[in-house]
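Chemist: Note that this note's numbering has the sequence shown beginning at 264, numbered continuously upward.
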Amino acid sequence: MAYEIGQTCMLINIGLSRSECASWVQAWGAITALAVAGGIAVAQIRATRKHAAEVERDKQRALIEVIATLARLLMLEIESRTALVTAETDEQTRRSLFLAKEPFGDVYDAAKAMPIHELPDVEIVQLAFGLRRLTALAINVFERLVAEYDTQTGIFLRAGKPFSAVVMGLEGLVESCKQASMAREAR
Numbered sequence: 264m265a266y267e268i269g270q271t272c273m274l275i276n277i278g279l280s281r282s283e284c285a286s287w288v289q290a291w292g293a294i295t296a297l298a299v300a301g302g303i304a305v306a307q308i309r310a311t312r313k314h315a316a317e318v319e320r321d322k323q324r325a326l327i328e329v330i331a332t333l334a335r336l337l338m339l340e341i342e343s344r345t346a347l348v349t350a351e352t353d354e355q356t357r358r359s360l361f362l363a364k365e366p367f368g369d370v371y372d373a374a375k376a377m378p379i380h381e382l383p384d385v386e387i388v389q390l391a392f393g394l395r396r397l398t399a400l401a402i403n404v405f406e407r408l409v410a411e412y413d414t415q416t417g418i419f420l421r422a423g424k425p426f427s428a429v430v431m432g433l434e435g436l437v438e439s440c441k442q443a444s445m446a447r448e449a450r
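1. With residue 341 and residue 437 assumed to form a contact (beta carbons below 8 Å), what rounded beta-carbon distance in angstroms separates them?
2. Which residue wins for smallest C-alpha separation from residue 325, given the options 308, 402 and 390?
3. DSSP state of residue 280, grouped into three classes?
4. Which whole runs of the alpha helix (DSSP H) in the region 364 to 432 are 4 residues long or more, in chain order?
5. Using DSSP with H/G/I as helix, E/B as strand and the rest coil, what is residue 312?
6. Which value, in whole angstroms, describes the spacing of the CA atoms of residue 404 and residue 323?
7. With three or more C-beta pairs closer than 8 Å as the rule, is the region 332 to 341 touching the region 393 to 400?
8. Quick one: what does DSSP say residue 320 is sitting in, helix, strand or coil?
9. So, is residue 378 buried or exposed, given that buried needs 16 or more other C-beta atoms within 10 angstroms?
10. Taking the alpha carbon of residue 427 as the reference point, which residue from 298, 320 and 345 has its own alpha carbon closest?
11. Specify the secondary structure class of residue 447 as computed by DSSP and reduced to three states.
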């Protein structure tokens, strides 16, 4: 092919010898090859960046979903504890069921296990800290109920809704998680 192009260069008669014409053909071929290789490299870099952004977005959505799931689990455990307090059984059975196991510890441990310093976004860090704070508040309310269980204060606390502030906070946290997840979808 270079020979044919070289022959064409000589036919046009631009003042090049056969060897000079072949050199110019080779030079332009090398330049074209470099341009094509550069274009392919740029396309690969763009595809890699796009894939990395998609992976990061999926990772953030998964982490938000974990926080929302932990919040829902905490709400379910609070509902079951509250149902035990108001159950239609004798006082001793209610007390033993209410105090049966360490409450909310699994959710708190899972929230503490999230590596806050590695979270990529301030919004996700706020959600994780919100879950920790609400779990700690639920544990605090439970410990206060246990400490005051047989006193007038304990009876008053059990008669009301002792975990209502925690449940309201958890509902807000779940809603914030939904909004954050939808914002990640839109990106």
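For every residue, glycine included, the Cβ atom is placed at its ideal position computed from N, Cα and C.
Modeler: With the structure as the only source:
1. About 13 Å separates the beta carbons of residue 341 and residue 437, which is beyond the 8 Å limit, so they are not a contact pair.
2. Distance check between residue 325 and each of 308, 402 and 390 places 390 closest, using alpha-carbon atoms only.
3. If DSSP states are grouped into helix, strand and coil, residue 280 belongs with coil.
4. Correct list: 368 to 376, 385 to 410 and 415 to 422.
5. Residue 312: helix per DSSP, three-state reduction.
6. If you take the alpha carbons of residue 404 and residue 323, they lie about 31 Å apart.
7. Touching, yes.
8. Helix.
9. Of the other Cβ atoms in all chains shown, fewer than 16 fall within 10 Å of the Cβ of residue 378; this residue is therefore exposed.
10. Of the residues 298, 320 and 345, the one whose Cα lies closest to the Cα of residue 427 is 345.
11. Reduced to three states, the DSSP call for residue 447 is helix.
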